[in-house]
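Inspection log for the structure reproduced underneath, given as structure tokens.
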Amino acid sequence: MSVYNVIYALFSGIVKLLFRIHTHGAENVPAEGAYIICTNHTTFADPIVLSDSSPRRIFYLGKQELFKIPVVSSFLKALGGIPVDRNKGDVAAIKKAISVIGDGCPLCVFAQGTRCPGVDIETTYDKLKPGLGLIASKTGVPVLPVYIRTKKNRVKMLRRTDVYYGAPVMPDEIAAFAGRDKYAEITKCVFSKICDIKNGEASLT
């Protein structure tokens, strides 16, 4: 049994209770094969919430500063964290992410590139990073828009957290993007679907 499986077995029930997690649209999660999750980012707890709501182990891109904290680093790596330098084009992190997908594993990318607590996600389009578009374009796998909803857009213990898995954006739709800014446009397209889920304008089936 892997370290991840041990952690999941020990803490999954506790996490569900502490964050009062309710999952919607879980049928959209592929039972096998690689895919990318794109979600809004509110707090450090997002990877924990997503991991607990997902029927499959998810790998994550996370800021490298967190991986310099000894205990936190070990936990993040066990959870599936991949450190990325947000101050430059981190080629090594992108290659690692593509490798994870190549192994058939799910990968989560926080499109905003940073936490945006307490604000409407539709005000954060200026925070979007092209990394999601780059990875999606290079790997040709489905992208699941996921919306994490909680009161005042702040994930806190004992506060209900709803995780909505939207219908996937398929590879042919991603491949249709072209031009110099295609990676940024792909990210924007997927993020707009997260906003649609938030506004009740997108079906989860």
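To convert, note that position 142 of the sequence shown is 142 in our numbering; the numbers rise steadily by one, no gaps. Quick reminder that beta carbons are idealized off the backbone N, C-alpha and C, glycines included. Please read these numbers as outputs of a predicted model, since none were measured by experiment.
Two segments are said to touch when three or more pairs of C-beta atoms, one from each, lie closer than 8 Å; by this definition the stretch 116 to 126 does not touch the stretch 75 to 95. As a beta-bridge residue in DSSP terms, Y165 pairs with V146. When the alpha-carbon of T123 is set against those of V109, F19, K198, the nearest one is in K198.
Around the C-beta of L79, 16 or more other C-beta atoms lie within 10 Å, and the residue is accordingly described as buried. Of the candidates G104, S99, K127, G13, the residue whose Cα lies closest to the Cα of F110 is K127. Classified as buried, K193 has 16 or more neighbouring CB atoms from the shown chains inside 10 Å of its CB. Excluding its 5 nearest sequence neighbours in each direction, L132 has C-beta neighbours in its own chain below 6 Å: C38, V109, A111, T187, listed in chain order. Per DSSP, the beta-bridge partners of T23 are V163.
Residue burial is scored here from C-beta neighbours: I69 has fewer than 16 other C-beta atoms within 10 angstroms and is therefore classed as exposed.
Residue burial annotation: G166 is buried, with at least 16 other C-beta atoms found within 10 angstroms of its C-beta.
In the three-state DSSP reduction, C108 falls in the strand class (E or B). In the displayed model, L50 falls within a helix according to three-state DSSP. The C-alpha of Q64 is placed about 28 Å away from the C-alpha of K152. Each of Y183, I148, R160, M157 was checked against the Cα of C195, and the nearest Cα belongs to I148.
DSSP places C116 outside any alpha helix (DSSP H), giving it a letter other than H or E.
Shortest Cα-Cα distance from P106 to any of Y35, T161, V141 involves Y35.
L18 and S74 have their alpha carbons spaced roughly 22 Å apart. With contacts defined by Cβ atoms closer than 8 Å, I98 and V141 do not form a contacting pair.
Considering only S137, N87, T43, V169, the residue with the shortest C-alpha distance to D181 is S137.
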